[in-house]
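Okay, so here's the structure we're looking at.
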Amino acid sequence: MSRLVNIAVAPESSPEWVRDAVRLGGGDIVDVSQADGLIWSAARDSDGLSELLRNHPHLNWVQLPFAGIENFLHVIDEDRVWTCGKGVYAEPVAEHALSLALAGMRNVADYSRQHTWSGPVGRNLLNANVTIVGGGGITESLIRLLTPFRCDITVVRRTVDHIEGADTVVGIDNLIDALTGADVVFLALSLTPETEGLIGKSELEVMESHAWIVNVARGKHIVTEDLVWALQNGVIGGAALDVTDPEPLPEGHPLWLLPNCIITPHIGNTPEMAIPLLSERITENVKRYIADVPLIGLVDVRNGY
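The opening residue of the sequence shown carries number 111 in the numbering used here; numbering runs sequentially from there.
In structure tokens:
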């Protein structure tokens with residue numbers, strides 16, 4: 111049975127498509143003082159959300175826009191229901207991760223920098239050993255995209271549960287074993303205090319000298335100085351990064367100059383891709399909130415993702 115639900119959209123500068131998504135879900139858009147739930151669209155304004163919630167503690171549901179919620183960890187509490195964009199952007203990000211892996215392994219980026227005809231370089235993704243660190247929506251989409259390549263896929267995740275299409279699933283304690291022997295390593299996990307600096311010198315040293323690491327998660331998963339060292343010294347084959355630490359990566363940073371490093375400016379999911387996907391999530395969650403059934407993309411408050 112549905113119920114009458116009032117929804118606020120904030121801040122006031124929120125784009126109209128956010129309000130349209132709420133209306134499509136059957137929500138009645140009201141002033142925040144009269145609202146039951148809140149759609150917060152300012153992905154980088156955690157202080158603004160914190161102030162709003164202090165002034166309106168009656169709100170019992172907050173929808174955040176991004177899958178990563180590290181900017182909001184100091185705001186999130188156990189007094190209300192929190193949802194985020196978890197899983198919303200999995201398809202485009204997985205597609206980008208695959209394209210980065212192919213570009214790196216087949217030497218496309220370095221070829222593109224040449225000014226003369228050069229010799230053959232590259233390895234197959236076909237039948238490769240693949241390790242994916244993270245067990246969420248991006249990983250599920252990426253495994254599906256990898257199916258035609260007949261890869262042997264190992265997934266490293268916090269909870270050792272079955273994932274469709276993965277050959278092996280191990281816990282984070284087995285990260286080193288999962289890195290050893292991999293031809294390509296994808297990082298597709300949430301950023302938490304436990305996963306910050308997850309890949310440093312010790313982890314890079316156990317990887318194959320031809321292996322590529324592809325990061326479509328968060329830049330702080332990798333210790334940047336250690337990655338520069340590994341790339342400069344041929345410890346690994348290369349790195350393809352849609353995220354960096356720091357971000358944006360400053361002009362003149364060593365990573366820009368390395369022939370075995372591909373950098374894209376955090377565009378695994380562009381605004382043109384994101385808007386219809388997030389709009390659909392908002393609409394669905396408003397419908398579910400009205401029907402008083404479980405929402406999608408629930409935030410794990412205790413674990414911070």
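Virtual Cβ for every residue (Gly too), placed ideally from N, Cα, C.
Asked	Found
The region 147-164 touching the region 174-186, judged by at least three CB pairs closer than 8 angstroms	yes
Given Lys311 as reference, the closest of Ile332, Pro364 and His363 once Cα atoms are compared	Ile332
Proximity of Leu324 and Ala207 at Cβ, strictly below 8 angstroms	Reading off the sequence, residue 324 comes out as Val, not Leu. Cβ distance < 8 angstroms, so Val324 and Ala207 count as in contact.
Three-pair Cβ contact test at 8 angstroms for the region 232-250 versus the region 289-298	yes
Under 8 angstroms between C-beta atoms of Arg129 and Val119	yes
Unbroken stretches of the alpha helix (DSSP H), 4 residues or longer, contained in the region 190-246	200-215 and 218-223
Cβ contact check for the region 134-154 and the region 392-405: 3 or more pairs under 8 angstroms	yes
Beta carbon of Glu395 nearer than 8 angstroms to that of Pro202	Before going further, note that residue 395 is Asn rather than Glu in the sequence given. In this structure, Pro202 does not lie closer than 8 angstroms to Asn395 by Cβ.
Beta-carbon proximity of Ser160 to Ala204, cut-off 8 angstroms	no
Check whether Ala145 and Pro121 have beta carbons under 8 angstroms apart	no
Nearest candidate by alpha-carbon position, reference Leu299, set Leu405, Ala200 and His320	Ala200
Coil, strand or helix - Gly329 by DSSP	helix
Length of the line joining the Cα atoms of Val345 and Cys371	13 angstroms
Gly348 vs Gly214 beta-carbon contact at 8 angstroms	yes
Leu235 versus Leu314 - alpha carbon distance	20 angstroms
Under the three-state DSSP convention, the category Arg133 falls into	helix
Rounded separation between Asp355 and Gly362 - CA only	14 angstroms
Per-residue DSSP class, three states only, for Gly281	strand
C-beta atoms of Gly178 and Leu337 nearer than 8 angstroms	no
Alpha carbon of Arg223 to alpha carbon of Val353, nearest angstrom	21 angstroms
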